[in-house]
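A short worksheet on the structure shown next.
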Amino acid sequence: MKKLINEPEAVVDEMLEGMVAAHPELRRLEGTEVVVRDDAPVEGKVGLVSGGGSGHEPTHAGYIGDGMLDGAAAGEVFTSPTADQLSEMIQACDGGDGVFCVVKNYEGDVMNFETAVEMAEMEADTDVEYVVVDDDVAVEDSLYTSGRRGVCGTIFVHKVAGAMAASGGDIAEIKRVAEKTNERVGTMGMALTSCVTPDKGEPTFDLGEDEIELGIGIHGEPGTERTEIMSADEITEHLTEAVLEDLDLESGSEVATIVNGMGGTPLMELYVVNRRLQELLDDRGLDTWDAWVGDYMTSLDMMGCSITVLELDDELKDLLAAPAETPGLTVTE
Amino acid sequence: MKKLINEPEAVVDEMLEGMVAAHPELRRLEGTEVVVRDDAPVEGKVGLVSGGGSGHEPTHAGYIGDGMLDGAAAGEVFTSPTADQLSEMIQACDGGDGVFCVVKNYEGDVMNFETAVEMAEMEADTDVEYVVVDDDVAVEDSLYTSGRRGVCGTIFVHKVAGAMAASGGDIAEIKRVAEKTNERVGTMGMALTSCVTPDKGEPTFDLGEDEIELGIGIHGEPGTERTEIMSADEITEHLTEAVLEDLDLESGSEVATIVNGMGGTPLMELYVVNRRLQELLDDRGLDTWDAWVGDYMTSLDMMGCSITVLELDDELKDLLAAPAETPGLTVTE
Amino acid sequence: MDRETQSEAIHEAVEAMADRLAEEKEHLTDLDSAIGDADHGANMNRGFQAALERLEETDGDPAELVKTAGVALVSEVGGAAGPLYGGSLMKASQELEDGITAETTVAFAERYLETVEERGKASVGDKTMVDAITPAVHTYKKAVEVDDHDPLEALGKAVDAAERGVAFTTPIRAKKGRASYLGWRSVGHQDPGATSTLYLLEELLAVATE
Amino acid sequence: MDRETQSEAIHEAVEAMADRLAEEKEHLTDLDSAIGDADHGANMNRGFQAALERLEETDGDPAELVKTAGVALVSEVGGAAGPLYGGSLMKASQELEDGITAETTVAFAERYLETVEERGKASVGDKTMVDAITPAVHTYKKAVEVDDHDPLEALGKAVDAAERGVAFTTPIRAKKGRASYLGWRSVGHQDPGATSTLYLLEELLAVATE
Ligand SMILES: Nc1ncnc2c1ncn2[C@@H]1O[C@H](COP(=O)(O)OP(=O)(O)O)[C@@H](O)[C@H]1O
Ligand SMILES: Nc1ncnc2c1ncn2[C@@H]1O[C@H](COP(=O)(O)OP(=O)(O)O)[C@@H](O)[C@H]1O
Ligand SMILES: [Mg+2]
Ligand SMILES: [Mg+2]
Ligand SMILES: [Mg+2]
Ligand SMILES: [Mg+2]
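Protein chains in written order, with numbering that gives the first Met the number 0: chain Y, 0 to 332; chain Z, 0 to 332; chain H, 0 to 209; chain D, 0 to 209.
Printed below as a string of structure tokens:
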């Protein structure tokens, strides 16, 4: 498979270089794969950080900026960043009021963040708390799984927690709204094709010419069900139903939605999906207060999409509407 | 080939529905594939419009909003919009000060816009002028071609002309800066894979497993040269050299750049390209004032990228830095 | 042939053309993928379906009917082919205001060719539809005006001429249209617009022969 | 065996492990593509190359060397395997502070298993590396403490036990790790982390046998 890369081993490093070259308001911590605001640590606010495997761009560093993240650590492609780098990031983003981490629920991410929090507390006496996001309704949360995965709903958590941090909220306040967001958000994804990692250079999984994978993860982990290809409307119905069943919203509720592209799907098709999604929400008496359409949490070059629905209240609306200025998301007043 | 669509014939219509559902500040002119600002026509400023085939999202309607376009017409996939719809759009965006059109240099686009301008002048006495953008340095501008194509440099023209219109410039002023931008901008693209149109459902052109196409257009028109796959650095060098040769800039010049994704290439790889692009510009003593990286002018699901370089002066810097708020591009003060 | 019969013939011709383009849709798109953007089949098919629908709701003079078909093409085809096919039919339809005669059809044909050349800024040898239209129009005019053949016979010769025009597009380099971006690589491919022009002429002949 | 010889043996073992993982990189990645995210081979290879490099710059006690290797794995592997392999080596290295003896290696092995279970919140039967580690550690302890076998012989039995643990992962459903997302579809696939554990034990045995 052809890719616009040099050596596969260098791709994360070179991507980060290209990223800070494009965005002078970002800075890389020397000798690491950690990117922070150029003016980090920002005094007078809690530092907000995130991180995870690479290959999900603009996640994670693309959400650094006013109103969102202070730092983001990039692991190898689809591999959690290491604990030592996470700890460096946490310390670099502590302006004196502590640091809050947004972690996606993967064992690698959780274990490395846990280790990093211990290290930062030990080494620099930093006050650290975190939320573990698990919005993927495709995975049953049971004794038989590692729990639901963190996927595109994480972007809403970044936005909400970022706005709370920017407005001067303390760690406890940030944790409260981050957890609230996580409780009220659900996501379900699907793939038309597999992603191709730079290292392997071939599809991670094989899908037949007429097959799709429902409940796909964002790492090319196989999904929960493989079916025949369906129309965009049918796919949208399937995903939306799964999410709404999980959220169990009352008619009249206000929601924010994301139709998220997995990286290889053209924007044209995401709008086709959004059209049906909004019809379905409307049919159920749900009121869409904001609808995002685009590539927010990708899986390299995978073709497919995910649908995210977040149940709002006045506080979440205020936090989503608060200004943010980052490479991957801008909200103006 | 699998796509997230329903009937191929319905894809443009359904995309536009999904788009206005996501962006309430956009409105569709009934019975057409034209999208305008919800508050169009805006009084007290020249209307700025664009249009062309679909399949280049976020181009064209994605650039409607404060500081950029007032309207955009969507043709069928890769097919120019028809003259009657272009004329309706022009009339709907005339707030009394006339309308300026940004046209890409394809015979279909130019002929349909020409016809539309005649129609709008006849039917509504609208004052209309236009610029024909032809930034693609891959095409020789000679007796033997239809002239250079309009590609990603068009986004800079939208931004510059949009800022001039927003600041109250008259049609002549807008035309002047649009033409200045067009004269100073160059783009060159390449493809790793062909796009797949909804209608055909198969690659428009065949590329071998180890081949790439240089000088590709944004409609899957074959490019100017087919070569063996190269590294991202080599590809970047090739594209950058072609553009810089065409622009012939003096050392010390300030530039704005775009590394544009063709739709199927992950953002990760675009940043890898940007890294090398900025090194090359730096080597030649060129000073990058602003660097954009992302999907601005796509070709459905094609994998590949283009590189755009614009030579700046103070006026262009002011116009690029002026605020804009659109689904596809936001610039804050 | 009275006006009514003429109008009926036009209805029939457009119907035959629409059917033919539906059949040839994929072939035309394949030709356009090789040197263009793979939409000529879809464009022409969409356009003639629309023309057919509009004509089914329209009564009138031959000139009016042809103009209606042209307007339908302009508003439905888009791309380069839309204004070229549609705009030229609209303009040339004016020559049929006195009905369909040997004389008016020659004027119609000449006006059609002229309009395509003007809008497209194209000349013969540029590897476009002009290469099919030119020999057809020249042959038709000569057959009617110089050789005094009857229009049906002349039309048969024009179709043969167009066929040679289409064949001629293959070995030459494109100067207009998207194919021109290919430079020398355009040599060896048949032009889609010339090909669709030939199909339309063939259907016209078939309906006229009945 | 004096401390110096012990330290040399550790150097050799890590070198053999690094070589083996480089060889098996693709195989491990293939196992991980079937039920995970296709990176286990790259992760382990990268980690052990780094461990090897750091050890080449390090002299010291066996305990220090093992700890250094663990730190290298924590900082280079990432993912789930990084903290599990690296963190457990770091913790368990404390048991080697009095050098390598039959007694200390049993304590090391038990501590290693314990740490993996704790960090990973995993038990035997979850289709993870724990399924390879558990039978190996149990067998080793029994052979040394109950049967009074010498450590080398005990290690041989432990490797056989790990092999059966790896085979056991195939027919069961995953409860931990990315494979758990697959539900019943995880049945029939061998666990990558259990497999890499076996490779490491095989290399340890080979070096110890020399
Ligand atoms: N400038 C021109 N003059 C005459 N004919 C042209 C010109 N440009 C294109 N054509 C004709 O139009 C055909 C392409 O039509 P079509 O594919 O529908 O439009 P587009 O090129 O916009 O996709 C070409 O094969 C050629 O015959
Ligand atoms: N919670 C856990 N407890 C024990 N072992 C685990 C756990 N999660 C994963 N593993 C082991 O880690 C292996 C995967 O490692 P690797 O692919 O490097 O990490 P990742 O899953 O983060 O991509 C699995 O095959 C399994 O043996
Ligand atoms: Mg991983
Ligand atoms: Mg076209
Ligand atoms: Mg075409
Ligand atoms: Mg893995």
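Where is the CB? At the ideal position from N, CA and C, for every residue including glycine.
For residue 48/Y, same chain residues with a beta-carbon under 7 Å away, outside a window of 5 residues either side, are 68, 69, 70, 71, 88, 89, 92, 98, 100 in chain order. Taking a cut-off of 8 Å on C-beta distances, the region 264 to 283 of chain Z touches the region 294 to 313 of chain Z, as three or more cross pairs fall below it. Only exposed fits residue 183/H, as fewer than 16 other CB atoms lie within 10 angstroms of its CB.
Not a single C-beta of chain H is nearer than 8 Å to the C-beta of residue 300/Z. A residue is called buried once 16 or more other Cβ atoms fall within 10 Å of its Cβ, and residue 93/D, having fewer, is exposed. Scanning chain H for C-beta atoms nearer than 7 Å to the C-beta of residue 145/Z yields 175, 176, 179, reported in chain order.
Against chain Z, the beta carbon of residue 53/Y has neighbours under 7 Å at 267, listed in chain order. In this structure, residue 59/Y lies near residue 73/Y, with their beta-carbon atoms less than 8 Å apart.
Within the same chain, and ignoring the five residues on either side of residue 195/Y in sequence, the residues whose Cβ sits closer than 8 Å to its Cβ are 0, 2, 201, 202, 203, 299, 300. Between residue 255/Y and residue 318/Y, the CB-CB gap reaches or exceeds 8 Å. Checking the DSSP bridge columns, you'll see residue 103/Y partnered with 132/Y. If the five residues before and after residue 271/Z are omitted, its C-beta is found closer than 8 Å to the C-beta atoms of 231, all from its own chain and listed in chain order. Taking 8 Å as the threshold, the shortest C-beta distance from residue 304/Z to chain Y falls below it. Spanning the alpha carbons of residue 25/H and residue 91/H requires a straight line of approximately 29 Å. An exposed status is given to residue 250/Y, since fewer than 16 other beta-carbon atoms sit within 10 Å of its beta-carbon. Proximity of residue 101/Y to chain D, defined by a Cβ-Cβ separation below 8 Å, is not satisfied. For residue 28/D, the nearest CB of chain Y lies under 8 Å from its own CB, placing it at the interface with that chain.
In this structure residue 326/Z touches residue 22/Z by the C-beta definition: roughly 5 Å separates them, less than 8 Å. 199, 203, 204, 216, 218, 219, 220, 221, 223: these are the residues of the region 199 to 233 of chain Y whose beta carbon lies less than 7 Å from some beta carbon of chain D, given in chain order.
Closest option to residue 218/Y, judged by alpha-carbon separation, among 63/Y, 20/Y, 190/Y: 190/Y. Any Cβ of chain Y closer than 8 Å to the Cβ of residue 274/Z would place that residue at the interface, and such an atom is present.
In terms of Cα proximity to residue 30/H, the closest of 165/H, 62/H, 6/H, 8/H is 165/H. In the DSSP annotation of this structure, the continuous segment of the alpha helix (DSSP H) that includes residue 159/D starts and ends at 150 to 168.
By DSSP's assignment, residue 202/Z forms a beta bridge with 195/Z. Taking residue 213/Z as reference, the option from 197/Z, 193/Z, 198/Z with the minimal CA-CA separation is 193/Z. Counted as a single uninterrupted DSSP element, the stretch harbouring residue 41/Y is not any alpha helix (DSSP H), since DSSP gives it neither H nor E. Look at residue 248/Y here: in three-state DSSP terms it is coil, with no helix or strand label.
Contact note: residue 264/Y reaches chain Z through 2, 3, 262, 263, 300, using a C-beta cutoff of 9 Å and chain order.
For residue 13/Z, the chain Y residues whose Cβ falls inside 7 Å of its Cβ are 271, 274, in order along the chain.
Against chain D, the CB of residue 188/Y has no partner CB under 8 Å away; the residue lies outside that interface.
The alpha helix (DSSP H) runs lying completely inside the region 52 to 108 of chain D and spanning 4 residues or more are 61 to 75, 87 to 92, given in chain order. Under the three-state reduction of DSSP, residue 200/H is assigned to helix.
In the structure shown, residue 171/Y falls within a helical segment according to DSSP collapsed to helix, strand and coil. Going by C-alpha positions, residue 153/H is about 27 Å away from residue 72/H. Assignment of beta-bridge partners to residue 188/Z by DSSP yields 305/Z. Setting aside the 5 residues that flank it on each side, residue 161/Y is surrounded in the same chain by 47, 66, 67, 68, 323, each with a C-beta closer than 7 Å to its C-beta; the list follows chain order.
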